[in-house]
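*Asks:* Going down the list, the sequences are from chains A, B and C. For the first sequence, counting from 1, position 186 maps to 186 in our numbering; every step adds exactly one. For the second sequence, counting from 1, position 87 maps to 87 in our numbering; every step adds exactly one. For the third sequence, counting from 1, position 324 maps to 324 in our numbering; every step adds exactly one. Note that CB positions come from ideal geometry on N, CA and C, so glycine has one too.
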Amino acid sequence: MDYFLELFLGGLTRGSIYALIALGYTMVYGIIELINFAHGEIYMIGAFTALIVASALSLMGMSGLSLLILAGLVAVIYSSAYGYTIEKIAYKPLRQAPRLSPLISAIGMSIFLQNYVLLAQTSDFLSFPALIKEFEFMEPISHIMRSSELVIILTTLVSTALLTLFIKFSRTGKAMRATAQDKTMAMLLGVNVNRVISVTFIIGSGLAAIGGVLISSHIGQINFYIGFIAGIKAFTAAVLGGIGSIPGAVLGGMILGWTESFATGYVSSDYEDVFAFGLLVFILIFRPAGILGRSTSEKV
Amino acid sequence: MKPTKPALDVRALKMDFGGLRALDNIDLQIYHGEIVALIGPNGAGKTTFFNCITGMYEPTGGDMIINPVEREPVRINRLKPNVVTEHGLARTFQNIRLFHKMTVLENVMVARHCRTKAGIAGAIFRDPKTRKEEKEMVDFSYGLLDKVGLGQFVNELASELPYGAQRRLEIARAMATEPFLLLLDEPAAGMNPKETNELDRLIMRLRNEENISILLIEHDMKLVMSISDRIYVLDYGKMIAQGTPSEISEDPKVIKAYLGETFDA
Amino acid sequence: MAAKWRPLIDKITGEFTKSLLVSAWFMFLTFPLMVIKVRPLERTIEWRWMNLVYIGVGAFFLSFIWRYLMSRKDGGGSEEEGESWQKKAGLRIRTDKKIYLPGLAAVVAFIVIFPFIFSGYQTQIMISALMYVMLGLGLNIVVGLAGLLDLGYVAFYAVGAYCYALLNHHFGVPFWIALPLCGALAALFGILLGFPVLRLRGDYLAIVTLGFGEIIRLILENWNEFSFGPSGIAGISRPDFFGMELSLREHTIYLYFIIVMLVLFTILVVSRLRNSRIGRAWIALREDEVACQAMGIDKTKTKLTAFALGATWAGLVGCIFAAKTTFINPASFTFMESAIILSIVVLGGMGSIVGVMIGAFILILLPEYLRAFSEYRMLAFGAAMVLIMVFRPQGIISGIRQRYEFHRAGQPEGTR
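1) What residue from V104/B, R115/B and R230/B has the CA that sits closest to M178/B's CA?
2) Output yes if chain C places a C-beta closer than 8 Å to the C-beta of C114/B; else output no.
3) Per DSSP, what kind of secondary structure is P6/B in: helix, strand or coil?
4) Check the DSSP bridge columns for T47/B and list the partner residues they point to.
5) Can the beta-carbon of A47/A be found closer than 8 Å to that of A249/A?
6) Check the Cβ of E225/C against every Cβ in chain B and list those closer than 9 Å, keeping chain order.
7) Mark K303/C as exposed unless 16 or more other C-beta atoms lie within 10 angstroms of its C-beta, in which case mark it buried.
8) Counting only C-beta atoms, is L273/C closer than 8 Å to chain B at any point?
9) To which residues of the same chain is L280/A closer than 6 Å at the C-beta, ignoring the five residues directly before and after it?
10) Please check if any C-beta of chain C sits within less than 8 Å of the C-beta of T85/B.
11) To the nearest angstrom, report how far apart S52/C and F31/C are at their CA atoms.
12) Can you check DSSP and say which residues form a bridge with A241/B?
13) Less than 8 Å between CB atoms is the rule here; does D203/C satisfy it with respect to chain A?
14) Please determine, among M350/C, G382/C and S271/C, the residue with the shortest C-alpha to C-alpha distance to L149/C.
15) For S269/A, count neighbouring Cβ atoms within 10 angstroms of its own Cβ and tell me buried if that reaches 16, exposed if not.
16) I want to know whether the region 123-137 of chain C touches the region 353-363 of chain C - three or more CB-CB distances under 8 Å.
17) Can you say whether N140/C is buried or exposed, counting buried as having 16 or more other CB atoms within 10 angstroms of its CB?
18) Does E80/C come out as helix, strand or coil in the three-state DSSP assignment?
19) Taking the alpha helix (DSSP H) that G382/C belongs to, which residues open and close that run?
20) Span of the alpha helix (DSSP H) holding L130/C?
21) DSSP beta-bridge partners for A90/B?
22) Ignore the nearest five residues each way along the sequence and tell me which others in S79/A's own chain have a CB closer than 8 Å to its CB.
23) Determine, for E80/C, whether the minimum Cβ-Cβ distance to residues of chain A falls below 8 Å.
24) With distances taken from CA atoms, which of C52/B, I171/B, A44/B and R11/B is nearest H219/B?
25) Which residue's Cα is closest to the Cα of T326/C: Y164/C, K18/C, M27/C and I9/C?
26) State the beta-bridge partners of E46/C as determined by DSSP.
27) So R286/C packs on L145/C, CB below 8 Å; how close in whole Å?
28) Comparing alpha-carbon positions, which option in G237/B, G151/B, V83/B and I66/B lies nearest L105/B?
29) Since L119/A and E375/C should fall inside the 8 Å C-beta cutoff, what is the C-beta to C-beta distance between them, to a whole number of angstroms?
30) Within 10 angstroms of its Cβ, does N211/B collect 16 or more other Cβ (buried), or is it exposed?
31) What does I243/A touch in chain C if you count any residue whose Cβ is under 9 Å from its own?
32) At a Cβ threshold of 8 Å, is G77/C touching chain A?
33) Just how far apart, CA to CA, sit L292/A and S245/A?
34) May I ask you to list the residues that DSSP assigns as paired with D220/B?
35) Is I30/B helix, strand or coil when you go by DSSP?
36) Whole angstroms are fine: how far does the CA of E186/B sit from the CA of I227/B?
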């Protein structure tokens, strides 16, 4: 039973990270229908920035919670800045372009950013300091759940809740929903579509950075390539849940996390990804628009 | 000139979307060689009716039976759109749906697909049989384009044609599938009076020369009244009237349904 | 006098400020990654301030160029002109025999003598580039013509490579017998993948094909009994030449001519398919699925033929790849490979054969010849992909449809 619980919580942790990254995919896709392949790289840059800041600060003698918060904050700011800049350079000029062109631009951006970090930093795995210390109150259950897992799950919960509230009630959130529905109409009604798109990238990137910092601290090492795999997984999660849907991204992330965790625990870690993608194919056969996605039949 | 069996026989057709009944017990018959118009206010369910007949929607209930000339009757419920087209029903679309990046001629040639056979091997090796078929396809398509007055545009991209010409190209494309019943969804929408006049003549000519029946959805009452043999009137998913143009224009129910809309016949 | 120059001065200072801001922004953006380098073992920080200066100066000047190119692109007129110029030139080259024939002769002569005047290494690179031309043309059937976004194309490439490697390893099957088998097996896999994804649209299709590609790779990586796992299969036979013993160089030249012939065959097939009954059905499907079905085209069959034919080509190239390297392992078949092949198609111009060839040469030869910049090459490669898309979103060459000449009404005649 403990083993099951451990796997369940491990899956929940993984799923939370996937969800945090998937939110960025889903939001961007909802608004400009682009698979932002560089999104995984944003997550990686977030993790790297946090690592650099945390290392620099700890050499200066800082430690504990303040270090985590400061490093995390800088990572979020930088990832958001990268997300904003990438959109301006690689996607904005392609708004009117054929459908696949921004996708290729995104793939190019992804290659560029990976190699940028590789050159500016290193190709080796760097050990990431455990920014989240083990809490004392977690002692009794520490054999099935680590403190960092608790932090990851709670952070995801809070971030998603805040995002949902933001999209539901804020002015910008309403503008985002309007833009997602009909870009031209939103523009005619005075919504600054360019600004909405920028905000979407900024928020999505910030969430990815949070995910990057937390998981790196949990696993303990990073390199320039982590964004690629996480990106693909998170995109899978977004599609699984129904791309464009925020609860869908969270649900998809969790399902993916559990599938991988249980497959690793009960079958074999070798085939973890096979199960993940197999599940995706299986679900899409029965629900071609994802679990929570509404299948839009074309008007004739 | 009404043979016993109608070309298209629709009985008690029902179509529900969720809880909404879009079509309610529709009966409609088109006889060979007839031009029939389906009219009604916006949202009455006219295009839904088209989509049901052509296999794009699966109707909730009722029967749709076609009786092609010299062939066995076929029940077309639950058939895929391409199979329906193979059986001899062809349609145009309300919002023009051409293959924009193909030339005008190619648009028509695509519609010959279901009447031709060349496979992959034929395409690669270009054996005499394939070449002959291809030549016939080009000739046939060109002939059709000439007939609708697009002969000089064959090599233009479909998207580069003027609006009225795009509508005519849609008709030519539908005709290329050799239908016995042609379904036109608002063919005159957005046309100026001169273009509408030409369309009027084109539809008559197609009926007379190609020996087909035509069912059209149209808002332009002048066009409807001048070319239709019979008219069906749809309102809120129900068939509220049918008859000859003169009967329809005097029907109080029809006038009531159209109140507020221009009805200048 | 002063008033006359006022707008110009304003413009210059305006542009100057813009560039300064951009420069400052990039200095901020790259600061942590470019300047700070932590050495965890020695517990020291290296501050690389010079990098910041490079970035600042570089961004300042590049932003002028960027804005200039952007304003030219948005100018509109110039682009149209370029288009029509390209069309005219294309038509001229293809119709005027005075240009066409000598040009063709020169190209043929160059292709024939290439492996004899260049080193074996250069020939190897050329073989790679030509393999990617074939892959690009194959994927072009699926993506460019039928409009089905396939991100897992590399799976079929892997199927072809492993098909030959395993047949050769276990049963000693020679290259020429394995080649068609590889194509056929890949086609079968194409149909296998095609069936479940028929209902999916656009990006859903993309992620499922991506997943399919990963599944194939992971199976190859982990099913040791079948595929020898990550260590791969070595000692695969090179193509045999009537049982003669060939030196390595001769083998390379032989393989070069095999691939040249196959590329020619591919071009012939693709160009014929494109203007055939099947090809038109693919394009119609890409343009408008609803209208396509309404015109009597069987969506299922059309999609499956596209998948199967596209996959066939990947299978053939896979077989050649195994024969060329004599060693394969799953690491050659990652998603990045699919992304590169897709980029070849889109970069070159979807649906255009010449475009795909140019795309393949740029994307394969560029990194090779950028080796001088060794570590910067992939950086430059990524940047080039972004820049080409930003400044030429429709690809380098746009596809041209076949024209038909009608001399007299009712007497049409197809011409090339």
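*Replies:* Looking at the coordinates:
1) Strictly speaking, residue 178/B in this sequence is Glu, with Met absent from that position. Per the Cα distances, R115/B.
2) Yes - at least one Cβ of chain C is within 8 Å of the one on C114/B.
3) coil
4) Beta-bridge pairing links T47/B to no other residue.
5) no
6) In chain order: nothing, as chain B lies at least about 36 Å away.
7) buried
8) yes
9) For L280/A, same chain residues with a beta-carbon under 6 Å away, outside a window of 5 residues either side, are T236 and L240 in chain order.
10) yes
11) Note on identity: in this sequence residue 52/C is Leu, with Ser being the wrong assignment. So the alpha carbons of these two residues sit roughly 7 Å apart.
12) V233/B
13) Yes - at least one Cβ of chain A is within 8 Å of the one on D203/C.
14) M350/C
15) exposed
16) yes
17) buried
18) Confidence is the limiting factor: at E80/C the pLDDT is only 48, short of 50, which leaves the residue's position unreliable and the question unanswerable from this model.
19) R377 to F391
20) For L130/C, the enclosing alpha helix (DSSP H) starts and ends at G120 to L139.
21) Its beta-bridge partners are L182/B.
22) I42, Y43, I45, G46, T49, S205, G206, A208, A209 and G212
23) For E80/C, the predicted model reports a pLDDT of 48, less than 50, meaning its position is unreliable and no value from the coordinates is stated.
24) Nearest C-alpha to H219/B: A44/B.
25) Here the closest residue by C-alpha is Y164/C.
26) K37/C
27) 7 Å
28) G151/B
29) 6 Å
30) exposed
31) D203, Y204 and I207
32) Only weak support is given to the placement of G77/C: the predicted model assigns it a pLDDT of 45, under 50, and the value that follows is read from those uncertain coordinates. With 8 Å as the cut-off, G77/C does not count as an interface residue toward chain A.
33) Computed Cα separation, rounded: 7 Å.
34) According to DSSP, which records beta bridges pairwise, D220/B is partnered with nothing at all.
35) Three-state DSSP puts I30/B in a strand.
36) 14 Å
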